[in-house]
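With our numbering, letter number 151 in the sequence shown gets 152, and the count goes up by one each step, no holes.
Positions of the beta carbon are idealized from the N, C-alpha and C atoms, including for glycine.
On a predicted model such as this, the values are computed, not experimentally measured, just so you know.
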Amino acid sequence: MAITLDVLFPNTTPWTSSHRKHRQLPIFESGQGVKGTVVLSSKDQRAPVSGIVKIALEGTLFNHVDLVGESPAMLYHTYVYQKIINLNAIYPEQQMISDVDQCYHFRFLVPDSLTGPVSNKYGQQIPSSLHINFSPASHRAAVSCSKGTCKIDYRIRAQFLVEGRCVVETTRPFTLWASQGRQPPVCTEDFPGEYRLSALKTLRRPLLQPAGKLHVYSHEPLPLEFSPEKEGAATSVRLRLRYGPLKNGGAMRIPPPRFYGIVRSNLTASTFISIQPQRRSPATCDAAAFPFTFETRKSYPSQLRKICFPRWTRSETGAESIWETEAEMTFKCHHPAYLTPSFSSMLVSRRYSLKMYMVISGHGHAAVKLELPIQVVYTGRRFLPSEEIMYLSDPVEDMPPAYSP
């Protein structure tokens, strides 16, 4: 029986040249439609064959970790497998005629969150496609080293069944990005020690003589939003300075001179991979204490900017005279196709931070380090109406979801 199946995706994501260079698989987003065509070809067939075509959209998560104990003989293999989503479409039985291609069009609506009583209660997001090989250092006394793999895959599976038996099957993967829109700012108190929104420094002159107190602070910038229609992504970071005398109660009647800053910034991705479900997104300090939870980080190329703080405004704080100023710094991401959108799930979570190393000069010099939370968001394209989509949903595994701040 010479029957073949092929899965074709339309050009629904017309990426620019740089996007197509770095992304091989078709890209779809949650909350939208995954559509395509299954082509069934029948060649060199002596007699017509009747059968049905079944098309399924599948999503799976697989975490695997190898733990090596203090002795080389102590090797532990730990893994977890979760079925994220399974949508099915079954077409009426048809007779296959030789040398005639049959086309079956499909459209599946991928939800933004998983369904089920537990998932509905906690609001678990559907995770984005992700492939990571990691070798984090373990803080556990009985483990000397560890390595692992995290795979979140989505695919279309097409089958041709004759009398209930599958005779031909093919699969084609695609990339799914969670499209949640803008989320509330990250609650930094939930992740102690991970972020640093402010710093207090003493400005010093060339001979290390103290000149004044400098308070540098900022907040979470707007998300890095990217989509197929634009080449890159950018956001703006607002930096604020408060300058005052060294001694409490001192007065500064004359405004400080114009301050300048040289800022080196880079984006860092933190991915938390768990073998056991977590009810909330782990923090860096939790990775050592949570059972079988590991953190891996990736830093992206840094950028260098020079900024100017031109104007000072005087404010009275008790008996002190404080001068304040602010400036904006633009952070650009030229190749956002490298980035996986921020998401949080019970077994895998990804967050981003923007690290900033600054040298500020004015009445002396001071070196400052900040680390701000930042979200990476995929805005996607137009919405595919749900009434045009045919699918049947299988129940997903009933596991406790993650807390998403």
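Determine whether the beta carbon atoms of F175 and P27 lie at a separation below 8 Å. yes
Are at least three pairs of beta-carbons, each pair with one atom in the region 343-352 and one in the region 230-242, less than 8 Å apart? no
G245 versus K307, L201 and I276, residue with shortest Cα-Cα distance: L201
Exposed unless 16 or more other CB atoms sit within 10 angstroms - verdict on V369: buried
If you reduce the DSSP assignment to three classes, tell me which class D102 lands in. coil
Shortest alpha-carbon distance to G37 belongs to which of V54, Q96, Q95 and Y105? Y105
Does the distance from the C-beta atom of I91 to that of K55 stay below 8 Å? yes
Under 8 Å between the Cβ atoms of S51 and Q96? yes
Which word fits V168, buried or exposed, when buried means at least 16 other C-beta atoms lie within 10 angstroms of its C-beta? exposed
Taking the continuous beta strand (DSSP E) assigned at Q279, which residues delimit it? From DSSP, Q279 is part of no beta strand (DSSP E); its letter is neither H nor E.
Answer yes or no: do S129 and L88 have a C-beta to C-beta separation smaller than 8 Å? no
Skipping 5 residues on each side, what residues in its chain have a beta carbon closer than 8 Å to that of P302? N267
What's the C-alpha gap between V119 and R158? Any reading at V119 must be qualified, since the residue scores a pLDDT of 44, below 50, and its modelled position is unreliable; no value is offered.
Tell me the DSSP secondary structure of T380 in three-state form. coil
Any idea what DSSP makes of D113, helix, strand or coil? coil
Using 8 Å for Cβ pairs, my map puts E221 next to L115. What's the rounded Cβ distance? With a Cβ gap of about 27 Å, E221 and L115 do not count as contacting.
Taking just the CA atoms, how far does D7 sit from F163? This sequence places Val at residue 163; Phe is not what is there. Roughly 18 Å separates the two Cα atoms.
Residues near K148 by beta carbon distance below 6 Å, same chain, minus five either side: D67 and S136
Return yes when the Cβ of N134 is within less than 8 Å of the Cβ of I274, no when it is not. no
Can you tell me which of the three DSSP states E190 falls into? helix
Kindly indicate which three-state DSSP category Y244 falls into: helix, strand or coil? strand
By how many angstroms is the C-alpha of R315 removed from the C-alpha of R254? 9 Å
Would a C-beta distance cut-off of 8 Å place L247 and P193 closer than the cut-off? no
Beta-carbon within less than 6 Å of I323's beta-carbon, same chain only, minus the 5 sequence neighbours each way: which residues are those? R243, G245 and S316
Which residue spans inside the region 298-375 form an unbroken beta strand (DSSP E) run of at least 3? 304-310, 314-318, 321-334, 349-363 and 365-375
Rounded to whole angstroms, what is the Cα-Cα separation between R205 and P258? 15 Å
Beta carbon of Y379 nearer than 8 Å to that of S180: yes
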